[in-house]
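Colleague: The structure under discussion is supplied below as structure tokens; questions concerning it will follow.
Number of protein chains: 2
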Amino acid sequence: MTEFLHVITSDGLIERLGAFARLPSELVSLSSAFDRIPAEGIMASEDLPERARSTVDGYAVQAADSFGASDSIPALFTVVGAVTMGALSDLLIGSGQTAYIPTGGFLPSGADAVVMVEYTNPVDEASVEVTHPVTSGANVLLPGEDVKTGELIVPAGEPLRPQDLGLLAGLGIASVRAYQQAKVAVISTGDEVVPVDRKPKPGQIRDANGHSISALVRAAGAIPLPFEIVPDDAGMLRAALADALGQADVVVLSGGSSVGMRDLIVEVVAALPGAEVLAHGIAIRPGKPTLLARHGGKAIFGLPGHPVSALIVAMIFLAPFLRYIQGGRLEKGPLGERTRATLAVSMHSIIGLEDYIRVRLERAADGEYIARPVFGKSSMLSTMARANGVIAVPAQAEGMVEGAAVEVIHI
Amino acid sequence: MTEFLHVITSDGLIERLGAFARLPSELVSLSSAFDRIPAEGIMASEDLPERARSTVDGYAVQAADSFGASDSIPALFTVVGAVTMGALSDLLIGSGQTAYIPTGGFLPSGADAVVMVEYTNPVDEASVEVTHPVTSGANVLLPGEDVKTGELIVPAGEPLRPQDLGLLAGLGIASVRAYQQAKVAVISTGDEVVPVDRKPKPGQIRDANGHSISALVRAAGAIPLPFEIVPDDAGMLRAALADALGQADVVVLSGGSSVGMRDLIVEVVAALPGAEVLAHGIAIRPGKPTLLARHGGKAIFGLPGHPVSALIVAMIFLAPFLRYIQGGRLEKGPLGERTRATLAVSMHSIIGLEDYIRVRLERAADGEYIARPVFGKSSMLSTMARANGVIAVPAQAEGMVEGAAVEVIHI
């Protein structure tokens, strides 16, 4: 029977995961850079805007000429032209003169402010009335006011969002140095496991883990490499592991649900020349029978065979680890948002194991959130599908009482 | 100058968007189904588990034989074999008999409960002591207890998560009927706009919108089709629009920042045979100069040219619309999580326009969230990059005061 030789806490496991090196970086073009994590802070290579630009549709003026203007006593301006987009204007705005300028247009020489079109009345083709005064710089974006040359515009370590890509594009930064995406070998094991499209014979079960773990890998921004199911055979497991370590940055084995397979995985991984077992057993529930090893700088996860346990462990440790080696922060998962909620009913927990309780997060009429534990035995796969969150109950807690304030992690 | 002929509220625009039909559905294999939205509720085609299975490593027994067992007076059982994974056992457990069973193993005939291995002591190869009583059904998952044939396991309209895929795989459902992903033509327009890899001449600007909007489309689970930049030319715009309507499910034009281009887009779209302008102007800030039209059942968005306005409008309307036609709910965006926070400083807002204020969401030491408005003119692209949330201030509000409870939408 399996003995767990190196049972560690979840914090201990996170610490061991944090000792792995991040993946190398690569140059990524902007069109592929969404959600990728920059390996270095990105600085502006020029000012934005390069020249003063109008932030409204209106009339470019010398601000001083508008002082005192009102609806009853408007200031009269001579229209000397109009700024067109896409070209520098050769207009020169003198005292008492103005030119129409569209949003984003470059301010013509001489002008230092723009009056919004709403505060003007056309008199004829050559003149316009201004009914509101403006101060110097009004409705103008000055050179470098948005971004200054050398300024940090995107920090390292945060996934790139649409607005970051817009800013990078605006500054002419056509590619970024980002961490590589992790390639993750996903290997289900066990004599009893058959692919989803095959009818299981009596005693067999279908491979749930291959699908759920691959999707989780994808959700973490990494690339799953699905492998064939490996039966309870040391030679075949050894071959699959060698193949996986050759192709992938991280290897995730799940299974076996049989004790024999569990032992086999530990044996084969531990016997790999140069491999080091970092943890064999984690003090969490579900998910205790988890293996973590290192080989040639690559992490090997041995997840429990049970689909609920395997997925919970993958959510808590694998997904954050993938985010980390791809350049992000390392924090115990799941990676979902956190919502503060009130616990709907009391629940028990085992002392000595950090307990992950599946809940349904609901919003009450008053806008507050309620966390309702999902009914059903913890080994039921349907409880994971019915849950949209988990609560982590600390190892030293005996449970939590109805009405307690809890933090729900979305799953 | 552009007149906004059909200025409507944001709720009015959402209502018009909700009148579009969803995309057709298609059959998607499980390995591609992550984050796709099922077009119909999925029912279980068989029981899970098919037969009673153990949820622990332990010994299968007749529960009645364990009654009264304790550490001081253990019950003695004769070991008649062990259940192996992957095969149906032909063991028969009689009174006083037991067999070793691994987690997930099928319960042998005669047994009705499993004693966890922790509550047993091996005596010799043929016998084992049990130190805790179990009731009938203990540590056993009964046939259909996880999922019953015909039960709804995944609802229509919710994106498939890793746990849903695991459950579908466990039940042998190898493909699902899901809504198609939207193909979205992304077209930047304007004489002054140049691609990101080209040095702008004086008066020109780089195409920020093409990149930010494409990334937003991707984040909404849709497929961006990037188009060449179209200059201020009715013929070229007409050709690009026809091409886009031929290839894509949704067309997104951005620009022009020049009034001329803005007029041109409205004219060309309105003149398209069979096109209907649904909105021309939305009562929001930023983003008022937005066009929505319909042609052959397809939506055409005309976003403002200014990168901040274009992205805000795309977050509030385009992303939710894409989620909706791909099978999800239609709610005003952005699509990010919502967090309740306290406003750090008072802020003004214009009556008559729904105002989208960029904020930085910070977590205070007490765990409460603070929303800090981002400093800078609203037309600055860098304010979008520095923000990680927005607050929607209703059209009828003059502003919000320091300390107010606000809902921050993550961006």
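Chains as they are written, first to last, in our numbering: chain A, 34 to 444; chain B, 34 to 444. For every residue, glycine included, the Cβ atom is placed at its ideal position computed from N, Cα and C.
#1: Pick helix, strand or coil for A211(B), following the three-state DSSP scheme.
#2: What residue ranges within the stretch 324 to 408 of chain A form continuous alpha helix (DSSP H) runs of no fewer than 4 residues, ordered along the chain?
#3: Determine the burial state of D44(B): buried for a count of at least 16 other Cβ atoms within 10 Å of its Cβ, exposed for fewer.
#4: State the Cα-Cα distance for the pair V227(A) and F260(A), rounded to the nearest angstrom.
#5: Mind checking whether A273(A) and V229(B) have CB atoms under 8 Å apart?
#6: Interface residues of chain A around R251(B) at Cβ under 9 Å?
#7: Within 8 Å (strictly less), CB to CB, does N154(A) reach chain B?
#8: Considering only the beta carbon of each residue, do L311(B) and I298(B) sit closer than 8 Å?
#9: Whose Cβ in chain B lies nearer than 7 Å to the Cβ of S169(A)?
#10: Compare the C-beta of V346(B) against all C-beta atoms of chain A and say whether one is closer than 8 Å.
#11: Which residues does DSSP pair with Q130(B) in a beta bridge?
#12: If the criterion is Cβ atoms closer than 8 Å, does the pair I383(A) and E395(A) meet it?
#13: Can you confirm whether the stretch 208 to 228 of chain A touches the stretch 86 to 103 of chain A when touching is taken to mean that 3 or more C-beta pairs between the two stretches lie within less than 8 Å?
#14: List the whole-angstrom C-beta distance separating P340(B) from G320(A), where the pair is believed to meet the contact cut-off of C-beta under 8 Å.
#15: By the DSSP assignment, the alpha helix (DSSP H) with D276(A) in it spans what residues?
#16: Answer yes or no: does any C-beta atom of chain B fall closer than 8 Å to that of H339(A)?
#17: Could you pull the start and end residues of the alpha helix (DSSP H) that P242(A) belongs to?
#18: Beta-carbon of E2(B) versus every beta-carbon of chain A: anything under 8 Å?
#19: When the cut-off is 8 Å and only beta carbons count, does G205(A) lie next to chain B?
#20: Keeping to the same chain, check which residues put their C-beta closer than 7 Å to that of R280(A); ignore five residues upstream and five downstream.
#21: Where I345(A) and A377(A) are concerned, what is the direct C-alpha to C-alpha distance, given to the nearest angstrom?
#22: If P353(A) and Q213(A) are in contact, beta carbons under 8 Å, what's the gap, nearest whole angstrom?
#23: For G432(B), which beta-bridge partners are listed by DSSP?
#24: Helix, strand or coil: how does DSSP classify T168(B) here?
#25: Out of G223(B), L363(B) and N154(B), which has the shortest C-alpha to C-alpha gap to M269(B)?
#26: Which word fits V434(B), buried or exposed, when buried means at least 16 other C-beta atoms lie within 10 angstroms of its C-beta?
#27: Using a beta-carbon distance cut-off of less than 7 Å, what residues from the stretch 133 to 147 of chain A approach chain B?
#28: At a CB-CB cut-off below 8 Å, which residues of chain B make contact with D388(A)?
#29: State the DSSP-derived secondary structure class of S62(A), mapped to helix, strand or coil.
#30: Would you give the residue range spanned by the beta strand (DSSP E) that M149(B) belongs to?
#31: If the cut is a Cβ gap below 7 Å, which residues of chain A does L198(B) touch?
#32: Nearest to T117(A) by CA position, among P135(A), A108(A), G127(A) and T111(A), is which residue?
#33: Can the beta-carbon of V94(A) be found closer than 8 Å to that of T131(A)?
#34: Where does P195(B) fall in DSSP's three states?
#35: DSSP on A418(B), reduced to helix/strand/coil?
#36: Is the Cβ-Cβ distance between G127(A) and G114(A) less than 8 Å?
Modeller: Quick look at the numbers:
#1: The residue labelled residue 211(B) in the question sits at position 178 within the second sequence. Note: A211(B) maps to strand in three-state DSSP.
#2: 340 to 346 and 352 to 358
#3: Taking the first residue of the second sequence as 1, we reach residue 44(B) at position 11. D44(B) comes out exposed.
#4: Numbered from its first residue, the first sequence carries residue 227(A) at position 194. Numbered from its first residue, the first sequence carries residue 260(A) at position 227. Approximately 13 Å, taken between the alpha carbons.
#5: Here residue 273(A) refers to the residue found at position 240 of the first sequence. Here residue 229(B) refers to the residue found at position 196 of the second sequence. Result no, Cβ atoms of A273(A) and V229(B) do not sit closer than 8 Å.
#6: On the second sequence, residue 251(B) is found 218 positions in, with the first residue counted as 1. What R251(B) touches in chain A: F67, D68 and P195.
#7: Position 121 of the first sequence, counted from the start, is the residue given in the question as residue 154(A). Not an interface residue.
#8: For the purposes of this step, residue 311(B) is taken as residue 278 along the second sequence, with counting starting at 1. For the purposes of this step, residue 298(B) is taken as residue 265 along the second sequence, with counting starting at 1. No, they are not a contact pair.
#9: Position 136 of the first sequence, counted from the first residue, corresponds to residue 169(A). What S169(A) touches in chain B: nothing, since even the nearest Cβ is about 15 Å away.
#10: Position 313 of the second sequence, counting from 1, holds the residue named residue 346(B). No, because no Cβ of chain A sits closer than 8 Å to the Cβ of V346(B).
#11: Translated into the one-based positions of the second sequence, residue 130(B) becomes position 97. Q130(B) pairs with T111(B).
#12: Translated into the one-based positions of the first sequence, residue 383(A) becomes position 350. Translated into the one-based positions of the first sequence, residue 395(A) becomes position 362. No, the pair does not count as a contact, with Cβ atoms beyond the cut-off.
#13: no
#14: Start at 1 with the first residue of the second sequence, and residue 340(B) comes out as number 307. Start at 1 with the first residue of the first sequence, and residue 320(A) comes out as number 287. The Cβ separation is near 45 Å, so there is no contact.
#15: As a working note, residue 276(A) is residue 243 in the first sequence. Annotation for D276(A): the continuous alpha helix (DSSP H) segment containing it runs A267 to Q280.
#16: Residue numbering aside, residue 339(A) sits at position 306 when the first sequence is read from its first letter. Yes, H339(A) lies at the interface with chain B (some Cβ there is under 8 Å from its Cβ).
#17: In the first sequence, the residue the question calls residue 242(A) occupies position 209. With the sequence shown as reference, residue 242(A) is identified as Asn, and Pro is not the correct amino acid for it. N242 to A252 is the span of the alpha helix (DSSP H), which, as asked, contains N242(A).
#18: Residue 2(B) is absent from the model: chain B starts at 34 and stops at 444.
#19: Here the question's residue 205(A) lines up with position 172 in the first sequence. So yes, G205(A) belongs to the interface.
#20: Looking up residue 280(A) in the first sequence gives position 247. It should be pointed out that residue 280(A) corresponds to Gln in this sequence rather than to Arg. Cβ neighbours of Q280(A) beyond the five flanking positions: K216, A218 and L258.
#21: Along the first sequence, one-based indexing puts residue 345(A) at 312. Along the first sequence, one-based indexing puts residue 377(A) at 344. So the two alpha carbons sit approximately 22 Å from each other.
#22: Counting from 1 along the first sequence, the entry for residue 353(A) is found at position 320. Counting from 1 along the first sequence, the entry for residue 213(A) is found at position 180. Not confirmed; about 17 Å, so no contact.
#23: In the second sequence, residue 432(B) corresponds to position 399, counting from 1. Beta-bridge pairing links G432(B) to H381(B).
#24: As a working mapping, residue 168(B) is identified with position 135 in the second sequence. Three-state result, T168(B): coil.
#25: Locating residue 269(B) in the second sequence gives position 236, where the first residue counts as 1. Just measuring C-alpha positions, the residue of G223(B), L363(B) and N154(B) sitting nearest M269(B) is G223(B).
#26: For this step, residue 434(B) is matched to residue 401 along the second sequence. With fewer than 16 Cβ atoms within 10 Å of its Cβ, V434(B) is classed as exposed.
#27: Residues of the stretch 133 to 147 of chain A with a C-beta less than 7 Å from any C-beta of chain B: P135, T136, G137 and F139, listed in chain order.
#28: Working through the first sequence from its first residue, we reach residue 388(A) at position 355. Under the 8 Å cutoff, chain B gives no residues; its nearest Cβ is about 16 Å from D388(A).
#29: Here the question's residue 62(A) lines up with position 29 in the first sequence. Here S62(A) sits in strand by DSSP.
#30: Counting from one through the second sequence, the residue named residue 149(B) turns up at place 116. First-last of the beta strand (DSSP E) with M149(B): A146 to M149.
#31: Position 165 of the second sequence, counting from 1, holds the residue named residue 198(B). Ordered by position in chain A, the residues that pass the 7 Å Cβ test against L198(B) are H244, S245 and A248.
#32: Residue mapping note: residue 117(A) aligns to position 84 of the first sequence, counting from 1. Minimum Cα distance to T117(A) is reached at P135(A).
#33: Residue 94(A) sits at position 61 when you count from the first residue of the first sequence. Residue 131(A) sits at position 98 when you count from the first residue of the first sequence. In this structure, T131(A) lies closer than 8 Å to V94(A) by Cβ.
#34: Working through the second sequence from its first residue, we reach residue 195(B) at position 162. Helix at P195(B).
#35: Here residue 418(B) corresponds to residue number 385 of the second sequence, with the count starting at 1. Helix.
#36: Translated into positions along the first sequence, residue 127(A) becomes position 94. Translated into positions along the first sequence, residue 114(A) becomes position 81. Not a contact, by the Cβ cut-off of 8 Å.
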